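Here the structure is laid out as structure tokens; the discussion comes afterwards.
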Amino acid sequence: MYAFSFMEHVMHKRFLRPALFLPLLVAGCSVANINPFSESKPPEARKPANATEYQCEGGKHFFVRMLDKGNAAWLIYSDREVNLDKVAGDSGTRYSNGVAVLDINGAEATLNDGPKVAYTGCKIPGKK
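Numbering-wise, my numbering comes out as the position in the sequence shown, counting from 1, plus 93.
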């Protein structure tokens, strides 16, 4: 009986007391908002380097990084990235990968990615 009480005492001291502080630590992290995986970064921090942002109707947006001296465009969505090649015979403002089609006309663009995804009225913020 004595051995059981002693072990119970050791287990209580070893595991129960640190467990009491865990909720306080977790609460402290959520109050301070130090979560490195949080999406609450300012828009400038989310912009990829060397990319142009297009803001579209309906609150949609995407980024484009030109590659290979303008012969390809790297299309950057919030959840994925795809490469688009310049469409042959075009004046150089249309890019496609067979599914997505990006038309750029100065500071304006339209993007169709399959039959159900359309980005219209896209403009570079601050340019006319």
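The beta carbon of each residue, even a glycine, is placed where N, CA and C say it ideally should be. The model shown is predicted, which means the values in this text are computed figures rather than measured ones.
As a quick exercise: from the options, pick the residue whose alpha carbon is nearest that of residue i.
i           : options       : result
residue 213 : 152, 141, 144 : 152
residue 208 : 140, 193, 217 : 193
residue 219 : 161, 168, 199 : 199
residue 210 : 161, 165, 154 : 154
residue 173 : 187, 206, 215 : 206
residue 191 : 161, 175, 149 : 175
Report all residues from its chain with a CB closer than 8 angstroms to the CB of residue i; omit the five preceding and five following residues, and keep chain order.
i           : result
residue 140 : 146, 156
residue 189 : 177, 178, 180, 195
Tell me the rounded alpha-carbon separation between residue i and residue j.
i           : j           : result
residue 203 : residue 169 : 14 angstroms
residue 187 : residue 161 : 15 angstroms
residue 182 : residue 171 : 30 angstroms
Name, in chain order, the residues that DSSP records as bridge partners for residue i.
i           : result
residue 176 : 167
residue 186 : Answer is none; residue 186 lacks a bridge partner.
residue 146 : 156
Sorted by chain position, which residues of the same chain lie with C-beta nearer than 7 angstroms to residue i's C-beta, five sequence neighbours on each side aside?
i           : result
residue 216 : 147, 148, 200, 201
residue 159 : 166
residue 197 : 186
If I measure Cβ to Cβ from residue i and keep anything under 6 angstroms in the same chain, skipping five residues before and after, which residues do I get?
i           : result
residue 143 : 158
residue 150 : 213, 214
request  = May I have a chain-ordered list of the beta strand (DSSP E) segments no shorter than 3 residues that lie completely inside the region 191-216?
outcome  = Annotation: the region 191-216 contains the following complete segments of the beta strand (DSSP E) (minimum length 3 residues), in chain order: 193-198, 201-206, 211-216.
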